[in-house]
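Numbering (this note's numbering), first residue to last: 2 to 230.
And the structure:
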């Protein structure tokens, strides 16, 4: 009965995290704000010891942490993260998740020395289970969401199902944000040259006219017709 109660409590915490992050996805349309809020919700609602999000550089195959919440802010500075697969630091759950495009977890860090060089740092901070959730954009790995639980044997089938759903929701949000940024860019810049277009010129001109309308300065506009541009 006690084990069942603990399992229900863990599941409830994960459901709160899922609900909280989905609410954040609806109201936040900035990538960094979403990352920061997701980590905060995981720690404060889900009572995870640590939560961080990293983005993958496909040229170097290294992971750069961009958001963090939990004990020991300097934790990520002590470990190197990679998805290459031929280095010792690649053998952790983060590298496994990035290469397989599937969640990778360990329910007993103390008994799993092969997990990677971040294991001892996590245990030192009171974390004994970890899961790495890959974040995908159009079936390409963009980054990873890593959660450290204070209890061993934290992640079971139900938690895994909910957290996989959570990673999918964040991935969907990232894809939406990227497409929105592209639309915003194309509205003001030429797709071929990358130069500002007529819309951006009109927008900046109206700003200058509006700001100087009640001031002492004059605004002059010179239009050049460049032949054979």
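For each residue, glycine too, the CB sits at the ideal point set by N, CA and C.
- Taking every protein chain shown into account, the CB of residue 184 has fewer than 16 other CB atoms within 10 angstroms, so this residue is exposed.
- With a cutoff of 8 Å on beta-carbon distance, residue 147 and residue 136 are scored as not near each other.
- For residue 103, there is no enclosing beta strand (DSSP E), as DSSP marks it with neither H nor E.
- The three-state reading of DSSP puts residue 129 in coil, since its state is none of H, G, I, E or B.
- The stretch 38 to 51 and the stretch 5 to 17 touch, with three or more beta-carbon pairs separated by less than 8 Å.
- Between residue 19 and residue 163, the C-beta spacing is below 8 Å.
- For the 8 Å CB-CB criterion, residue 64 and residue 95 form a contact.
- Between the alpha carbons of residue 71 and residue 40 lies a gap of roughly 8 Å.
- By the C-beta density criterion, residue 197 is exposed, having fewer than 16 other C-beta atoms within 10 angstroms.
- Residue 111 is positioned such that its CB atom lies no closer than 8 Å to that of residue 130.
- Non-local C-beta neighbours of residue 29 in its own chain, meaning closer than 7 Å and more than five positions away in sequence, comprise 35 and 38, ordered along the chain.
- The three-state reading of DSSP puts residue 113 in coil, since its state is none of H, G, I, E or B.
- Contact between residue 22 and residue 42 holds: their C-beta atoms lie close to 5 Å from each other, under 8 Å.
- Note on geometry: alpha-carbon atoms of residue 228 and residue 193 lie some 19 Å from one another.
- Rounded to whole angstroms, residue 151 and residue 127 show a C-alpha spacing of 6 Å.
- Per DSSP, residue 149 is one residue of the beta strand (DSSP E) stretching across 141 to 150.
- Residue 159 has no beta-bridge partner at all, per DSSP.
- By the Cβ neighbour-count rule, residue 187 is exposed, with fewer than 16 other Cβ atoms within 10 Å of its own.
- When the alpha-carbon of residue 143 is set against those of 101, 106 and 160, the nearest one is in 101.
- In this structure, the straight-line span from the alpha carbon of residue 122 to that of residue 190 is close to 46 Å.
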